[in-house]
Amino acid sequence: MKRDDCTGLATGGNKARKLELLVADALATGSDVLVTAGGLQSNHARTTAAAAARVGLGCVLAFNSDAPAKTEGNQLLDLILGAERRFVGPLAMDDLNEVVNRIVEELRAANRKPYLIPVGGSSPLGASAYVGAAEEIVADLGHDDVLVITATASGGTHAGLAARLGHGRVLGIDVGAFADAASIVRQLTIDVAVLKGLPIPTGQPHVLRDQVGDGYGAPTAACREAIRLAAQSEGLLLDPVYSGKALAGLINLKPATMEAKAIVFLATGGAPALFTSRYEDWLAEANPRSA
Ligand SMILES: Cc1ncc(COP(=O)(O)O)c(C=O)c1O
15 MKRDDCTGLA TGGNKARKLE LLVADALATG SDVLVTAGGL QSNHARTTAA AAARVGLGCV
75 LAFNSDAPAK TEGNQLLDLI LGAERRFVGP LAMDDLNEVV NRIVEELRAA NRKPYLIPVG
135 GSSPLGASAY VGAAEEIVAD LGHDDVLVIT ATASGGTHAG LAARLGHGRV LGIDVGAFAD
195 AASIVRQLTI DVAVLKGLPI PTGQPHVLRD QVGDGYGAPT AACREAIRLA AQSEGLLLDP
255 VYSGKALAGL INLKPATMEA KAIVFLATGG APALFTSRYE DWLAEANPRS A
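Going by this note's numbering, the sequence shown opens with residue 15, and the numbers climb by one from there.
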């Protein structure tokens, strides 16, 4: 297991790696406010708010939702971290970057210096942070005969890993955030390889769609079982939207799919979503003894 849930920045997660590079770029280019977007319980938005606070930048976050009835989970953290939150109403994740563009224009017109971070932090630069994570995995193992399993949403994590390890060594469990995650990963892997001067991996990204259930963020029985297993055997908190579904995907894999000396599960964080009313009753069923 690679514990990227422990990266820091207001409960951590995979977005901290991307933001390390993106925020450095924002500072180097003289920006004064970070702008990004995500779902109501976006971990990326929360981590961006934390990163902005850490280096003294402003932060504007857009959410593809109406204002929530309760301020909980990541929304509560966004508020504590001082970000400006904008609720733009229901909108497909694929259309959210357009909203970010509009906010950037608006801020420029008001003489601010916005730094645009796409949904999920998955620009080529942001995604390239996962080349470094792949290097760490290879160094820890002492070889690269590995299969890394990760949740795949905006695709940057998957693409960065694949740019270093090759498509055959990364398996993404699609969580249904975008209509065609595999195409996003395919292009982003090329972009990252070019940016880092690496050979462009051959073959196609491996993305499994069998854990999405009724859609992005929709609870599934397999995800709850994975959350229960990680919590009650490792003391590890997975989340209902990403890492719980990723572990459910790993549990569901046929042994023949796992032809590698080492299987590494990437724990990507996301625990704040556990503390939301949406999942409360559903999660309580993970332990009938304390119901
Ligand atoms: C907890 C968690 N895991 C995994 C992912 C997926 O990462 P990516 O957007 O790079 O595919 C995200 C981001 O949306 C996340 O918040």
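Just so you know, even glycine gets a beta-carbon here, dropped at the ideal spot from N, CA and C. Being a predicted model, the structure only gives us computed values, none of them experimental.
Closest Cα partner of residue i within the set the options
i: Pro-128; options: Asp-46, Thr-203, Lys-259; result: Asp-46
i: Gly-180; options: Ala-106, Glu-239, His-220; result: His-220
i: Leu-182; options: Ala-191, Leu-161, Phe-192; result: Looking at the sequence provided, one finds Gly at residue 182 rather than Leu. Of the listed residues, the one whose Cα sits closest to Gly-182 is Leu-161.
i: Ala-173; options: Glu-119, Thr-61, Ala-148; result: Ala-148
i: Arg-171; options: Thr-203, Glu-150, Ala-64, Ala-153; result: Sequence inspection shows Thr at residue 171; the Arg mentioned does not correspond to that position. Among Thr-203, Glu-150, Ala-64, Ala-153, the Cα nearest to that of Thr-171 belongs to Thr-203.
i: Gly-258; options: Lys-275, Leu-280, Thr-271; result: Leu-280
i: Lys-16; options: Ile-198, Pro-213, Glu-150, Ala-193; result: Glu-150
i: Val-69; options: Ala-38, His-58, Thr-85; result: Ala-38
i: Arg-200; options: Leu-297, Val-184, Gln-218, Val-145; result: Gln-218
i: Thr-43; options: Cys-73, Glu-112, Leu-130; result: Leu-130
i: Lys-275; options: Val-152, Tyr-144, Leu-121; result: Val-152
i: Ala-245; options: Leu-297, Ser-197, Pro-269; result: Leu-297
i: Glu-120; options: Leu-251, Glu-86, Leu-155, Val-49; result: Val-49
i: Ala-235; options: Asn-266, Pro-104, Gly-211, Leu-251; result: Asn-266
i: Pro-213; options: Val-145, Gly-186, Leu-185, Val-226; result: Val-145
Proximity test, residue i beta-carbon vs ligand 1 heavy atom, cut-off 7 Å
i: Thr-21; result: no
i: Ala-167; result: yes
i: Asp-92; result: no
i: Asn-57; result: yes
i: His-181; result: no
i: Asp-108; result: no
i: Tyr-256; result: yes
i: His-157; result: no
i: Asp-205; result: no
i: Lys-29; result: yes
i: Thr-290; result: no
i: Tyr-87; result: The amino acid occupying residue 87 in the given sequence is Gly; Tyr does not appear at that position. Incorrect: Gly-87 has no Cβ contact closer than 7 Å to ligand 1.
i: Gly-231; result: no
i: His-220; result: no
Three-state secondary structure assigned by DSSP to residue i
i: Ala-66; result: helix
i: Gly-26; result: coil
i: Phe-192; result: coil
i: Gly-263; result: helix
i: Glu-98; result: strand
i: Ala-177; result: helix
i: Gly-52; result: strand
i: Val-255; result: coil
i: Val-206; result: helix
i: Leu-139; result: helix
i: Ile-163; result: strand
i: Gly-170; result: helix
i: Leu-212; result: coil
i: Leu-71; result: coil
i: Lys-16; result: strand
i: Ala-76; result: strand
i: Val-133; result: helix
Spatial neighbours of residue i in its chain, beta-carbon cut-off 6 Å, leaving aside the 5 residues before and after
i: Arg-99; result: Leu-75, Asp-92
i: Gly-26; result: Asp-19, Cys-20, Gly-283
i: Ala-191; result: Met-107, Ala-167, Tyr-230
i: Leu-110; result: Ala-51, Asn-78, Val-133
i: Ala-64; result: Leu-23, Ala-24, Leu-95
i: Ser-136; result: Ser-168, Gly-169, Gly-170
i: Val-206; result: Pro-138, Ala-141, Ser-142, Ala-173, Gly-174, Ala-177
Cβ separation of residue i and residue j, assumed to be a contact under 8 Å, to the nearest whole Å
i: Gly-283; j: Asp-108; result: At roughly 23 Å, the Cβ-Cβ gap does not stay under 8 Å, so Gly-283 and Asp-108 are not in contact.
i: Val-255; j: Ala-287; result: 6 Å
i: Cys-73; j: Ala-40; result: Their Cβ separation, rounded to whole angstroms, is 11 Å, which puts Cys-73 and Ala-40 out of contact at 8 Å.
i: Ile-187; j: Ala-260; result: 4 Å
Own chain partners of residue i with C-beta closer than 7 Å, once the 5 adjacent residues on each side are dropped
i: Thr-61; result: Leu-23, Ala-24, Gly-27, Lys-29, Ala-30, Leu-33
i: Lys-84; result: Ser-291
i: Ala-196; result: Pro-219, Val-221
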